[in-house]
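Peer 1: After the structure tokens below, expect a handful of questions from me.
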Amino acid sequence: MKGGGRIAGGTLGVALGALLACLPPTTPVAGTLRINLGTEPPTLDWTRATDSVSITVIEQLMRGLTRLGPNLQPVPALAERWEVSDDGRTYTFHLRDGVRWSDGAPLEAEHFVYAWRRLLDPATAAEYAYFLFPVKGAHDYNSGRLRDPEGIGVRALDALTLEVELERPLVYFPSITTFMVTFPARRDVIETHGEAWTEPENLVTLGPFRLASWEHEYKIVLRPYDAYFEGRPALERIVAYMVNEGSTALILFEQGILDLVRVPPLEIRRFVDRPGYRRIAALRGYYYGFNTKLPPFDDARVRRAFSMAVDRSELPKILRGGEIAASYWIPPGMPHFNPRIGLSFDPEGARRLLAEAGVDPETLPPVRVVYNTDQTHRLVAQNMQEQWQRNLGVRVELQSREWKVFLRELATQPPPVYRLGWGADYPDPDNFMNLFTSYSANNHTGWGNPRYDRLVEQAATERDATVRQRLYDEAQRILVEGDAPIAPLFVSAINLLVDDRVRNFEPNSMDLWFFEGVEVD
Amino acid sequence: MTRYVFGRLLQGALVLWVVATVTFGQLRLLPGGPFDREKVLPPEILRNVEARYHLDAPLLEQYARYLARLAQGDLGPSYKYVGRDVSDILRDALPVSIQLGGLALALAIGLGVAVGLLAGTHRGRRPIRRRPCSRFSGCPFRASSWAHSSSWHSVWGSAGFRRGCGRDRCTRCSPR
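Going line by line, the protein sequences match chains A and B.
Numbering of the first sequence is given in the numbering used here, commencing with residue 51 and proceeding in unit increments.
Numbering of the second sequence is given in the numbering used here, commencing with residue 14 and proceeding in unit increments.
Below is the structure:
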């Protein structure tokens, strides 16, 4: 009997030993930053990448003509300066002299011409090709109407001068050139290695870090690029793991195995009081859209009533992820943000509007609200249901859908009321406002207002900031106060945990991570 | 005997063909496409993307292309990981999954036998619950979901983490 116990104990010991042997080393090393990417980056080909994980890595490896400065204004990067022609249609970028790629080759304007043509080439099938549609001929070339890439308005005037001709003047063009799909690329590298050009042994970059190794679906290691044009970064190494369970990443942070992680929404309250906890408002809006083709939402008064019947301050209390209640659409942190815009909570006024529109809450069939299956969206929907029932007396029916089913439904038969969000691609209000032009593929409301379209188009070309503010204010008033095809609800927040050994890390509202100035003790 | 072997092989091929066809059909019947995005793609870009993956071809042609590729052991390109083939991804991931599964199995057998022995040697005395045994049996995912709900979480998370338990496959399969 005793022998049996010993065998059992021994077996148990062996099993536990095997487990412990699998633990990663937990001692932090000075100069090494360990972050969690969440998943494998779908690609490091910056021309074809679209997602936030790829951006996180690419932002360390590459630079564009411009980059985002401290308050998200575009500042010089590979271009040391640029000029705009009087008609606002031609940008001339002067490249920094002496910038070298990691294989020693000098940066040339031709690398931009190649990269932009590649982005727009229909055969590349880049999803974000439309970022350069403002460039002359770009849209035609991408859709096959123009065959000759020479017809695209981008030219190398000499080795260090790039001229860009736009279809129409665009004041925020230098914001677009901060985005990865506009970064330069090397024809020789891509043509030599084909699809494998982004593997560590082939990849040639010029940003603050270079790709040292990439073990697919495990980790990426970055090392500083000694010849980086703004000076070698302080870090010796960035190890980017791919732990896709948010809660597992949190545990690894607590064990000192990761230095920087995102906090999943439902875990936030556990970490709010920790010293390493950081929160910043994101350029990401959350709204409910109305299908303006379906009664009763074909009447603007009904839409306004539904928007006015929501006390938005309840939402941050339920979600507790640092959300900011919002009835405006251009989020704080974006130029031309105006907090005074939006319908305020007024249940009485809302009921009056509903009566004016001839809608009797008693006889109105249940209003169908559709959202995609997710804890946060469910909490929001339940609150909206409760508020609309309480403040308007209408009945509300909630339906959740699997993500792809939801997207298909939005594209084909938008439900009477649906939830959606929008995160900024570039920090300019145009990115938020052109969403609801009558011709935007992302406008599922069926609503269109020529005045709104004109205001948004005009604001995109307006160089005077005061005039631009006025244009956006009027457009926003149409969007969220007058016609009200959407009811903005809140602006999301970014929640991070940063180890206290990490210094000089500044999160920004675009949720882009920059590590060139970061140090780790 | 030869006839029997040939018969079985033929049956196997038939089953493979049926499975492949059903998979193909299901993927096309399910709502949503691989390029449906929250940020809707402009129609001309969607056309470019679909052309690149031959999704604009007639269904029959897509089916023929798919079967022809499968017959050569080519599982096609990934729609998510740009420029990578499904076979590449499997080649990278399979050894890790085998290692993880093997480890979980070893642990399950180790713990199971140990607890079983203890239960045997203590028969008729203090009762020992057998539940951990049955919870561990067979499936590593079950073990990991048990670990999730217990203090073992961190240890398990780390063990998986070292060799990529953060990966899609694991978490997608785990019953939660």
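Built from N, CA and C at the ideal position, the CB exists for glycine as well.
Keep in mind it's a predicted model, so treat the numbers as computed, not measured.
Determine the burial state of B/Met14: buried for a count of at least 16 other Cβ atoms within 10 Å of its Cβ, exposed for fewer.
Peer 2: It is exposed - the Cβ of B/Met14 has fewer than 16 other Cβ atoms within 10 Å.
Peer 1: So, does the CB of B/Gly86 fall closer than 8 Å to a CB anywhere in chain A?
Peer 2: So no, B/Gly86 is outside the interface.
Peer 1: Within a Cβ cutoff of 8 Å, which residues of the same chain sit near A/Val530, ignoring the five residues on either side of it in sequence?
Peer 2: So the qualifying residues of the chain are Ser357, Ser377, Tyr378, Trp379, Ile391, Gly392, Leu393, Ile536, Ala537, Pro538.
Peer 1: Quick one: what's A/Pro124 bridged to in DSSP?
Peer 2: Partner(s): A/Leu118.
Peer 1: Once the 5 residues before and after A/Gln437 are set aside, which same chain residues still bring their CB inside 6 Å of it?
Peer 2: For A/Gln437, where only same-chain residues beyond five positions count, the Cβ hits under 6 Å are Val360.
Peer 1: So the alpha helix (DSSP H) A/Asp503 belongs to, where does it begin and stop?
Peer 2: From DSSP, the alpha helix (DSSP H) with A/Asp503 extends over 500 to 511.
Peer 1: Verify the CB distance criterion: does A/Ser193 have a CB-CB separation below 8 Å to chain B?
Peer 2: By this cut-off, A/Ser193 is an interface position.
Peer 1: Spell out whether any CB of chain A is found under 8 Å from the CB atom of B/Leu54.
Peer 2: Output row for B/Leu54: interface = yes.
Peer 1: Based on Cα-Cα distance, which residue from A/Thr228, A/Val568, A/Thr100, A/Leu457 lies nearest to A/Leu115?
Peer 2: For A/Leu115, the nearest C-alpha among the options comes from A/Thr228.
Peer 1: Closest by CA to A/Gly335, which one among A/Gly306, A/Leu505, A/Asp475?
Peer 2: Per the Cα distances, A/Asp475.
Peer 1: Check the Cβ-Cβ distances between A/Arg260 and every residue of chain B, and say whether any is below 8 Å.
Peer 2: By this cut-off, A/Arg260 is not an interface position.
Peer 1: Buried or exposed, going by whether 16 or more other CB atoms sit within 10 Å of the CB of A/Arg260?
Peer 2: So A/Arg260 ends up on the buried side.
Peer 1: Just to make sure I have the definition right: I need the residues of chain A whose C-beta is within less than 7 Å of the C-beta of B/Asp105. Which are they?
Peer 2: Residues of chain A passing the Cβ test: His266, Glu267.
Peer 1: At 9 Å on the CB atoms, spell out the chain B contacts of A/Val455, in chain order.
Peer 2: Result: Leu43, Pro44, Gly45.
Peer 1: Return the Cβ separation of A/Trp166 and A/Ile202 in integer angstroms, given the expectation that the two are a contact with Cβ distance under 8 Å.
Peer 2: Confirmed, Cβ separation roughly 7 Å.
Peer 1: Taking 8 Å as the threshold, find out whether the stretch 512 to 526 of chain A comes into contact with the stretch 300 to 311 of chain A through three or more Cβ pairs.
Peer 2: No, they do not touch.
Peer 1: Quick one: measure Cβ to Cβ for A/Trp472 and A/Leu485, integer angstroms, because I've assumed they're closer than 8 Å.
Peer 2: Rounded, the Cβ-Cβ distance is 6 Å, consistent with contact.
Peer 1: Using a Cβ-Cβ cutoff of less than 6 Å, which residues in the same chain neighbour A/Tyr278 once the five nearest sequence positions on both sides are dropped?
Peer 2: The answer, listed in chain order, is Pro258.
Peer 1: What does A/Asn492 reach in chain B if we use C-beta pairs closer than 8 Å?
Peer 2: In chain order: Lys52, Val53.
Peer 1: Go ahead and label A/Gly88 buried or exposed: buried means 16 or more other beta carbons lie within 10 angstroms of its beta carbon, across all protein chains shown.
Peer 2: A/Gly88 should be labelled buried.
Peer 1: Taking 8 Å as the threshold (C-beta atoms), are A/Asn499 and A/Ile528 in contact?
Peer 2: Yes, Cβ-Cβ distance for A/Ile528 and A/Asn499 is below 8 Å.
Peer 1: Measure the alpha-carbon distance for A/Thr487 versus A/Gln508 and round it to whole angstroms.
Peer 2: Cα-Cα distance, rounded: 12 Å.
Peer 1: For A/Leu94 versus A/His144, is the C-beta spacing smaller than 8 Å?
Peer 2: Their beta carbons are not under 8 Å apart, which means A/Leu94 does not touch A/His144 by this criterion.
Peer 1: In chain B, which residues lie with their C-beta within 7 Å of the C-beta of A/Arg98?
Peer 2: Residues of chain B passing the Cβ test: Val95.
Peer 1: For a test of the three-state rule: what should DSSP assign to A/Tyr489, helix, strand or coil?
Peer 2: It is coil, neither helix nor strand.
Peer 1: Anything in chain B within Cβ reach of A/Ala179, meaning under 8 Å, just list it in chain order.
Peer 2: Near A/Ala179 (Cβ distances below 8 Å), the residues of chain B are Ile58, Asn61.
Peer 1: Going by DSSP, what residues sit across from A/Ile288 in a beta bridge?
Peer 2: Looking at the DSSP assignment, A/Ile288 forms a beta bridge with A/Leu83, A/Leu272.
Peer 1: My parser needs the beta strand (DSSP E) runs of 3 or more residues fully inside the stretch 176 to 209 of chain A; what are they?
Peer 2: With a minimum length of 3 residues, the continuous beta strand (DSSP E) runs that stay inside the stretch 176 to 209 of chain A are 204 to 208.
Peer 1: Which residues bound the beta strand (DSSP E) around A/Thr140?
Peer 2: Counting along the chain, the beta strand (DSSP E) containing A/Thr140 begins and ends at 140 to 145.
Peer 1: Under 8 Å: do the stretch 75 to 86 of chain A and the stretch 286 to 301 of chain A share three or more Cβ pairs, one atom per stretch?
Peer 2: A contact exists between the stretch 75 to 86 of chain A and the stretch 286 to 301 of chain A.
Peer 1: Helix or strand or just coil, what does DSSP make of B/Ser91?
Peer 2: Three-state result, B/Ser91: coil.
Peer 1: List, in chain order, every chain B residue whose beta-carbon is nearer than 9 Å to that of A/Asp95.
Peer 2: In chain order: Val95, Gly96.
Peer 1: Kindly list, in the order they appear in chain A, the residues whose Cβ is closer than 8 Å to that of B/Ala77.
Peer 2: In chain order: nothing, as chain A lies at least about 22 Å away.
Peer 1: At 4 residues or longer, what runs of the alpha helix (DSSP H) sit wholly inside the stretch 376 to 432 of chain A?
Peer 2: Qualifying alpha helix (DSSP H) stretches, in chain order: 397 to 406.
Peer 1: Below 8 Å, can you find three or more Cβ-Cβ pairs linking the stretch 362 to 371 of chain A to the stretch 403 to 422 of chain A?
Peer 2: In short, these stretches do not touch, since the Cβ pair count stays below three.
Peer 1: Using a C-beta to C-beta distance shorter than 7 Å, which residues of chain A count as neighbours of B/Asp69?
Peer 2: The contacting residues do not exist; B/Asp69 stays about 11 Å from chain A at best.
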